[in-house]
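This report concerns only the one structure given below.
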Amino acid sequence: SQEPRPLRWWRTVSPRGGGALLQNIMRAAYMPTYGPPSVLTFGVLPKPTISGRQLLVRVVCTSVNPADTKQRSGNLRKLMRHNFPAVLGQDFAGIVTEVGKQCTRFRIGDAVFGCTAPGRGTSAEFVAVDESEAALKPTSLSFEEAAAVATVACTAHTGLARARKLTADSRVLVHGASGGVGSCVVQLARARGMSIVGTCSDKNLKYVETLGARAIDYTTGWSSDLAREGCSFDYAFDCVGGDDLWISSLPLLRPGGCYITAVGPFRHGGSEPVTYSMILASAKLLLARLIGNAVRPVGYSIYLSFDRKAISDPELLEALERGMLRVRRHPNVFSLAQLGDAHACCEAGSKTTGKLCVRVADVDFIRADSFATALGFS
């Protein structure tokens, strides 16, 4: 693994005098330009500063999402640009070390988790996040578990919020039920008492069944099989992408139902370079789809972003605290210097099972003898 140049990270003063003053530098894994996983560099960057409504969090764990690899590759540069050196990552779990003057919900020493806007970067020792993007970490979650769940849980929550007529009697179809977002949709819907059918690969059938859904292999003729059984659904949630899923799901939706996609008509969007012609083609297709909502008996809804404030939703936090919402994690936990390996593993696609977690700090703050020791003040 890479080693940064030696630095003295902390200037220690008496804890009675307010703890320690951090130097304005931090270790980080960053990209100096677009490129393959090997472009990620382990080194030193300036520590972020915060505004009045922000928190400075010392990151204990973060995780890798497919969107991170697509940004790093440059495939999304037509949609979002980065200033280099750029730190990637949205998920964070860590300890509050500084609180903005206008923040009211947190104090120094709180264990928090959440997901922040792209561009701020959580693959570093510190990240500045909006107060609204953070929540107190449930005590039942480890830092790794908390870092793995934030983005996918908020994405699932945002999708469910679009299904305005969901009730305990609703029947739900979930595409990509074994993935991070799909598994969260299944678990949150099951917590509300809904009946769920989830599509996934053959190797993930048992896992999806453990979440409380009926699991169906997506490589079979699942749509015609369900139609022959007389199955119908109030909502279909697409966590995979691809227009074929919309076409196959349409006959199964009840009048008044809705197809909700977090990805859109192109599968694995961003795995290849996004061009202006692709953007135009997507816009034309989606415009026709959305206009069709006025005449079709079922609706079509797409959301390509999610509500990061959902991390503080009481329903979400209760599900996490009670163990009713968990995300499957990859058995390997990477170090910050191994972020490139984690990206390569993420890009392996179906060969990789579970969320990829990156351990940034070696200290378990919750089990430290004291707050000063936990932050390295002594």
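Taken in order, the sequence shown gives residues 3 to 380; the numbers are from this note's numbering. Cβ atoms here follow ideal geometry from the backbone N, Cα and C, with glycine treated the same way. Predicted model only: the values in this text are computed from it and were never measured.
Legend entry - Cβ separation of Phe235 and Arg256, assumed to be a contact under 8 Å, to the nearest whole Å: 7 Å
Legend entry - DSSP-derived helix/strand/coil call for Arg256: strand
Legend entry - Range covered by the alpha helix (DSSP H) that runs through Thr153: Phe145 to Arg164
Inset, instruction - Express the C-alpha separation of Leu306 and Gly69 in angstroms, rounding to a whole number. - result: Going by the sequence as given, residue 69 is Ala instead of Gly. Taking the straight line from one Cα to the other gives about 11 Å.
Inset, instruction - Evaluate Thr106 with the Cβ neighbour count: other Cβ atoms within 10 Å of its Cβ, from every protein chain shown; 16 or more gives buried, anything less gives exposed. - result: exposed
Inset, instruction - Give the single residue among Gly161, Val151, Ile218 and Ala126 whose Cα lies nearest to the Cα of Val89. - result: Ala126
Inset, instruction - Would you mind stating whether Tyr433 and Ser250 have Cβ atoms separated by less than 9 Å? - result: Because the chain spans 3 through 380 in this model, residue 433 falls outside it and cannot be assessed.
Inset, instruction - Reducing DSSP to helix, strand and coil, say where Met326 ends up. - result: coil
Inset, instruction - With a threshold of 16 other CB atoms inside 10 Å of the CB of Leu289, please say whether the residue is buried or exposed. - result: exposed
Legend entry - Pro120 (DSSP reduced to helix, strand or coil): coil
Legend entry - Same chain only: Cβ atoms within 6 Å of Gly301, ignoring 5 sequence neighbours per side: Cys260 and Asn295
Inset, instruction - Using alpha carbons as the reference points, say which of Ser303, Cys117 and Ala148 lies closest to Arg291. - result: Ser303
Inset, instruction - Look at the Cβ atom of Gly342, then the Cβ atom of Ser40, and state whether they are nearer than 9 Å. - result: yes
Legend entry - Every unbroken alpha helix (DSSP H) inside the stretch 37 to 106 [4 residues or more]: 68 to 75
Legend entry - Simplified DSSP state of Ile304, which is helix, strand or coil: strand
Inset, instruction - Check whether the Cβ atoms of Leu318 and Ala155 lie closer than 9 Å to each other. - result: yes
Legend entry - Same chain only: Cβ atoms within 7 Å of Ala152, ignoring 5 sequence neighbours per side: Asp93, Phe115, Gly116, Cys117 and Ile313
Inset, instruction - Compare the Cα-Cα distances from Arg29 to each of Asn334, Pro38, Pro333 and Phe44 and report the closest residue. - result: Phe44
Inset, instruction - Determine the DSSP secondary structure at Lys167, reduced to helix, strand or coil. - result: coil
Legend entry - Between the CA atoms of Leu162 and Gly195 - distance to the nearest angstrom: 14 Å
Inset, instruction - Would you check if there are 3 or more beta carbon pairs closer than 8 Å linking the stretch 187 to 204 to the stretch 212 to 222? - result: yes
Inset, instruction - Report the three-state DSSP secondary structure of Tyr278 (helix, strand or coil). - result: helix
Legend entry - Residue from Asn26, Gln25, Pro38 and Leu42 whose Cα sits closest to the Cα of Tyr32: Leu42
Inset, instruction - Assign Tyr237 to buried or exposed, taking buried as 16 or more other Cβ atoms, counted over all protein chains shown, within 10 Å of its Cβ. - result: buried
Legend entry - Identity of the residue in Lys139, Gly37, Asp171 and Ser185 nearest His159 by Cα: Ser185
Legend entry - Cα-Cα separation between Ser144 and Val329, rounded to whole angstroms: 12 Å
Inset, instruction - Specify whether the stretch 73 to 83 and the stretch 46 to 55 touch according to this definition: at least 3 beta carbon pairs, one from each stretch, less than 8 Å apart. - result: no
Legend entry - Limits of the unbroken alpha helix (DSSP H) element including Ile249: Asp245 to Ser251
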